[in-house]
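Heads up, the thing below is written out as structure tokens.
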Amino acid sequence: MLTIALIAVPLLMSGLIFVLGQKLARQLALLAGILQLALTVFAAIQLKYGNTSILTFQQNWIGPLGIQYHFSLDGLSIILALLTAISAPLIVYSTFNRTFKSPHVFYGLIWLMIGSMMGAFAAGDAFIFYLFYEIALIPIYFLILIWGSGDDRPKVTMKFFVYTMFGSLFMLASLLYVYAHTSPKTFGFEAMYQAGQSLSVLEQGLVFAGIFIAFAVKMPVFPFHTWQPSTYKAAPTAGTMLLAAIMLKMATFGLIRLVLPMVPDGLAEYGNWALVISVIGIVYASLLAMAQKQFKLLIAYSSVAHVGLISAGILSTNAEAIQGGLFEMLSHGILAIGLFFVYDIIETRLGHDQMDKMGGIRAVNPTFAFLYFIIVMGSVALPFTSGFVGEFLLLLGLSQYSLWLTIFGGLTVVLGAVYMLRSFQMMMLGPENTNTSGFTALTRQEKILLSIVVILVVGLGIFPHPIMDLSNKAVETLLANIR
Amino acid sequence: MLTEYAFWFLSFVAIFSALAMIFSKNPVYSVLSLILTFFAIAGHYFLLNAQFLAAVHIIVYAGAIMVLFLYVIMMLNLNRLEEDKKSTWMKFLSVAAGGLLLFVLLAVVKRTDEITITAQAANSDCGLVENLGKVLYNDYLLPFELASILFLGAMVGAVYLSKKELA
Amino acid sequence: MELLPNVTMNHYLLVSVILFVIGVAGILFRRNAIIMFMCVELMLNAVNITLVAFSKVWGQSDAQVFVFFIMVVAAAEVAVGLAILMMLYRNMHTTSTDVLDKLKW
Amino acid sequence: MEKLVSLIPVFPLVGFLYIIFLGKGLSKNTIGAIGSGAIFLAFITSILVFTTQLHGANPTIVKVIDWITTPKFDIDISFIVDPLSTIYLLFITGVGFLIHVYSIGYMHEDEGFNRFIAYLNLFVFFMLILVLGDSYAMMFVGWEGVGVCSFMLIGFWYKDMANNDAAKKAFIINRIGDLGLILGMCMIFFHTGTLRYDDLFISESAASGLHGWDLHLAAIFLFIGAMGKSAQIPLHTWLPDAMAGPTPVSALIHAATMVTAGIYMVARSSAIFSASDVASDVVMWAGILTAILGATIALTQNDIKKVLAYSTVSQLGLMFTALGMGAYSIAVFHVITHAFFKALLFLGSGSVIHAMGGEQDIRRMGGLKSHLPITHITFLIGTIAISGIPPLAGFFSKDQIIAVAFEENMIMFVLASVVSALTAFYMFRLYFLTFRGSFRGTHEQEHHLHESPKVMTIPLIVLAVLSIFGGFMGFPHAVGHAMHVPHWLDHFLENTVEMEVLDMSVGTESILMILATVIALISMYIAYTKYMKNGELALEDDEITSSTHQTLASKYYIDELYEKIIRRPVDAIAQFARNVVEPKIIDELVKQVSLIPSGLGSVAKAAQNGKLVMYVLAMIAGLIILLSTLI
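Residue numbers (this note's numbering), protein chains in the order written: chain L, 45 to 527; chain B, 164 to 330; chain S, 2 to 106; chain E, 15 to 645.
Put into structure tokens, the structure is as follows:
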């Protein structure tokens, strides 16, 4: 029941925000975030003490097809639930420095999206997962279309929408294929796993390919990433945060949830190409990030690089990498919010994000530079930041698959430092110029938000243990299921 | 013996007048030919012992529907229709399609021998009004009532469409 | 199986097929919407013949009930259809389907 | 007592946090006191911890909290107390404390004073984590942490872009090394299932799970990490540039502590390296090449800090040569003595720069002896110590490296001796040009000359004392045995690192010692004749005369080479990817694919032309197909 509440709260709050109109929209949205966070933490505590019965919910929906309302939070999805619950209030709060036209629709859509993503994370049934996975597209489509920037955004959003739908088609085909092999017919994960594992290796490989393409578009992994930078650029900052912090995690989480236990043999036999393109993506996106002049695009490409590592790690199928992947999802979400908020701060003050026209911000606004520096350090995976824990475990796991891939994937350590430090240097260091000398001090809201992000980044880096503890057992069970 | 001749005669009339319908340049003649076809078909129904249907057929088709056609044609004053020129390949395509369809249908019909061979006439007066009425009002009561609603809808629709103001 | 002396089921089917194809041919060759409409009626009747014939073969009245309903629907259809045609003619001053081709995608 | 070890890193951390968050209104002296006080407390605690190890106690693991836990990979934040870590503790906190004190004076006028002390504290924190961590993962924490602190401190004066570039370069090259270290860790974990020293080397020897090329490769990857941090060929280029930071930073980070982390790591992994002859050879050759490269470049540099920087590169090279030959304890010995005298030299140079008002070019100096007496004396002691003239610290450690080389590999022996000779030469060149002769700077500068305040000179004096006596902790084996002076350090480290047993007679060892001394004295004399007798600046120091000289002065063009073969191609590839691959290939491909449906759509659109006949034909076609299945 608790799980249902976790999905229902965002959806209901979304409805409430739609209805209650313009005045209270942002307060309500923030309230919903806090409520959601409290509920999720409560759920995590319940899970920690083994009280799993209130975390599952199962009810028939479309009986003859074996589709159920089946939601459950286990050690894997609780991490993503936490990510959602932490990100949601932060994202909402990050918009407080701006005013939007028809805010009730804006915040309503945000919460609709959060609710549907939560639904995908908590799904216990492949059909439910697919359903929520797709529903999440609708609100973000309108968020970008209505509140985005740039004249080409109808085109950009169209590309984004169609591209991801196109990918999902392959997933649907794969899922239906596996579904056809269940008996009695059901979309429940357990039965799907069994059916998937009973397929021949070649079939498994094909099913894997179908699902992976869907996720590869969503994550996105090279070479399916071209929708992403333009979409990030067009989206309002809150929308970008939603995309980068939570939405793409549906895909990486899907890898753990759908791919690993369902088609392990196919992955082992025919999955190398996916690992290879993921790793190519790391290097390629890092290089692109190096070549960017616009800060937002730099973050976008760095996100591609990070996600490539997550994908490669998870597909290498071992406990370290899966744990690392889960933790990196959490960390990447928080860092993405931090980075995009930094972008937002700069953009509201300077009106652009051309890095080569900045410089000297540190001299004008040392607090901002300090907070940003820690976020940079987190995203280059410095130890004692959350980024390190995930990235290190991912590399450790990937190395058990292939040393060569690890060497190339590890280049993210170097190239990440190159582009992040370059951006830090271009924006923050050096003497101030006419562009940046008027860089006003941070407002209270900005300070609070950045501080929370920084505290989370450092705190999770030093105390990842409680989080990892939640998922340890689930990861072991998952791997035991595969072997 | 007589019935056999009647069958051939009716069939000939039906097909001939159907052809006349599609080939006649004047729509009025077309309608009249079609009415003739319908009468021939009604005759078939009689031969098949479906008197009720035969009656209804004449009343509804020949009496109501075709008169409606005639009425419309008269009202629109479509004595002579301007036929557009058809491209030759269109003609060819149409002939091919029609011919092919005929061929396929005939081929299918040829196979019905094997199916009908096992059947036997159990109740030859099933087409009488009494029997038909029983079936209609017992088994098909709901569709029957629905048909009346359909008529109502059609009536409303026809009236609404024909109102001058809409134009 | 003979329905009448020397007349088998196949004869009826044959007649029906020929009428049906004549109806199709009419639709293909003629451009006038009213004529095409009549061809549709002809095709409906071609089917009706088979239904009645089959009813006789099996000794069941259900097929005749169907014929009855087909007539019902045909009547309704003609009523509405002709109304539409009249409207079209009023507006377009033609009933040729070569001109009436605006209803697409 | 061992439990106290977890306090040691806490002091500098608290110092850092306090200064950053609460230090705004405090005076510079208070800040200085807090900063150096924190390190002093750590130093005292370190001594207490150190005493527990004096008499051969077993290594102790002190766990603080759980850190990363996965089903198989399980690393805590916990510290190891054993001879190797405690001896590092001592000189990090000890030298660190002195440099903190010195910084109070040196940075007193700087507006970023608070920040500076705070960063230094943070650096010491990470350095302590590095040596105290009980696993490679924990070491890596410190490893990266010091890298970041180094980045922040090199770019301390961030308004000058050159400093920032140097800082970035240092960080990125370090990162390349770090990647090597990560890969090394990955390999070790893959083959042994653990990264804890305890499981790998001490209570079990899981490290023996590495065999053959896995072993070599793991060791080489680890060494790549060391290359980055300890500035070995080919990753050495950042260290000289790192001199852009304030001088205390150069002394603390880029001479005494951080750069020796590589030696610590190799010594810590001695079980792995000693098992891998390939890796050991790599270490040895990289070390000696670096030593020669550093020493030759140092001959021609005119910036006082650059000379010291290349000297550091060269000395680190020597240490790695020792490591490669299996003489782990001797390398550590040289680390310690080097920390003393190199910190001393850097701080001395800082004092000189301070006095000269920021001037760093030795061609503009000279005759500072009378103006800066304390600095002069201590700098001279440092110079003698590094040159390897007995009985100062450098002599003992360097001599033992050369002795080992004599035993192990004659080529190494010759090369190491050459390095030693070069060292004596360029150090005395530096000394003579700076302190002797007549002043060559401007009149204004001469007027400004003054001895540094006490807060700066006292650390110099302490370090000078340490440079004089520090060498006695490792008296040469054979000679020491004959004289009943034990090699204390070897005994102390015996259970921690693999030992190289020198089987050398008293005679051979004595001859080697005398030979080394003579070489050093000859070099010193050559320097004397060249730079003192004429009393003037030698011509070739003012202008570049020969192509050899040009090559040396340009540091063998290695920076230019990297610029050409790495940085520019990578940038070009990145630009190519941005301008061509991304829009013209990948996105174009996507567009082409997206054209397929719309192409199909336009075909289908043609069918939907509104012509009734077409629809009928289509229907009939469908009907025909359908029916033909019945035939």
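Glycine included, every Cβ here is placed at the ideal spot set by N, Cα and C.
Between Asn593(E) and chain S, the shortest Cβ-Cβ separation is not below 8 Å. Shown here, Lys243(E) sits in a helix according to DSSP, grouped into three states. Taking 8 Å as the threshold, the shortest C-beta distance from Met87(S) to chain B falls below it. A check of alpha carbon separations from Thr95(S) across Asn240(B), His207(B) and Lys254(B) identifies Asn240(B) as the nearest. For Thr98(S), the nearest CB of chain E lies under 8 Å from its own CB, placing it at the interface with that chain. The alpha-carbon of His148(L) is positioned some 13 Å away from that of Phe186(L). Here DSSP, grouped into helix, strand and coil, assigns His396(L) to coil. Counting only the Cα atoms, Val18(S) lies some 31 Å from Leu304(B). Taking a C-beta distance under 8 Å as the contact criterion, Ala73(L) and Tyr151(L) qualify as a contact pair.
Lys412(E): member of the alpha helix (DSSP H) spanning Ala407 to Glu422, first to last residue. Under DSSP, Phe93(E) takes part in a beta bridge, and its partners are Val76(E) and Gly147(E). Nearest C-alpha to His376(L) among Val420(L), Phe231(L) and Ser97(L): Val420(L).
In the assembly as shown, Leu36(E) is an exposed residue. Its beta-carbon has fewer than 16 other beta-carbons within 10 Å. When Cβ pairs closer than 8 Å are counted between the two stretches, the region 72-89 of chain L is seen not to touch the region 101-115 of chain L, the count staying below three. Within the same chain, and ignoring the five residues on either side of Thr206(E) in sequence, the residues whose Cβ sits closer than 7 Å to its Cβ are Leu214, Ala220, Ala221, Gly223 and Leu224. One thing to note: Ile388(E) has its Cβ within 8 Å of the Cβ of Thr471(E). Counting of Cβ neighbours within 10 angstroms places Phe175(B) among the exposed residues, the total staying below 16. Taking each of His461(E), Leu167(E), Arg378(E) and Ile350(E) in turn and checking the Cα distance to Leu503(E), the smallest one comes out for Ile350(E). Bridge partners of Ile390(L) according to DSSP: none are assigned. At the C-beta level, Ile61(L) and Trp155(L) come within 8 Å of one another. For Ala76(L) and Met161(L), the gap between their C-alpha atoms comes out near 15 Å.
Residue Phe436(L) holds the alpha-carbon nearest to the alpha-carbon of Gly505(L) among Leu449(L), Asn316(L), Ser121(L) and Phe436(L). Annotated as proximal: Gly368(L) and Gly434(L), with beta-carbon spacing under 8 Å.
Taking the Cβ atoms as the reference, Ala356(L) lies roughly 4 Å from Ser322(L), within the contact range of under 8 Å. Using a Cβ distance threshold of 8 Å, Ile158(L) and Pro280(L) do not count as a contacting pair.
For Ala295(L), no chain E residue has a Cβ inside 8 Å of its Cβ, as the nearest lies near 18 Å away. Per DSSP, the beta bridge partners of Gln338(L) are Gln398(L). The shortest CA-to-CA distance from Glu78(S) to any of Lys326(B), Leu324(B), Ala317(B) and Val322(B) is the one to Ala317(B). Using a Cβ-Cβ cut-off of 8 Å, Phe255(B) does not count as an interface residue toward chain S, since no Cβ of chain S sits closer than that to its own.
In this structure, the alpha-carbon of Leu442(L) lies about 34 Å from that of Thr201(L). Residues Arg378 of the same chain have their beta carbon placed closer than 8 Å to that of Thr456(E), with the five preceding and five following residues left out of the count.
When 7 Å is used as the limit between beta carbons, Ile19(S) is near these residues of chain B: Ile178, in chain order. Per the Cβ contact rule, the region 240-254 of chain E is not in contact with the region 76-90 of chain E (fewer than 3 Cβ pairs under 8 Å).
Put simply, the backbone Cα of Ala586(E) is about 14 Å away from that of Tyr576(E). Listed along chain L, the residues sitting closer than 7 Å to Asp192(E) by beta-carbon distance are Val457. Unbroken alpha helix (DSSP H) stretches of 4 residues or longer found wholly inside the region 503-548 of chain E: 520-542, given in chain order.
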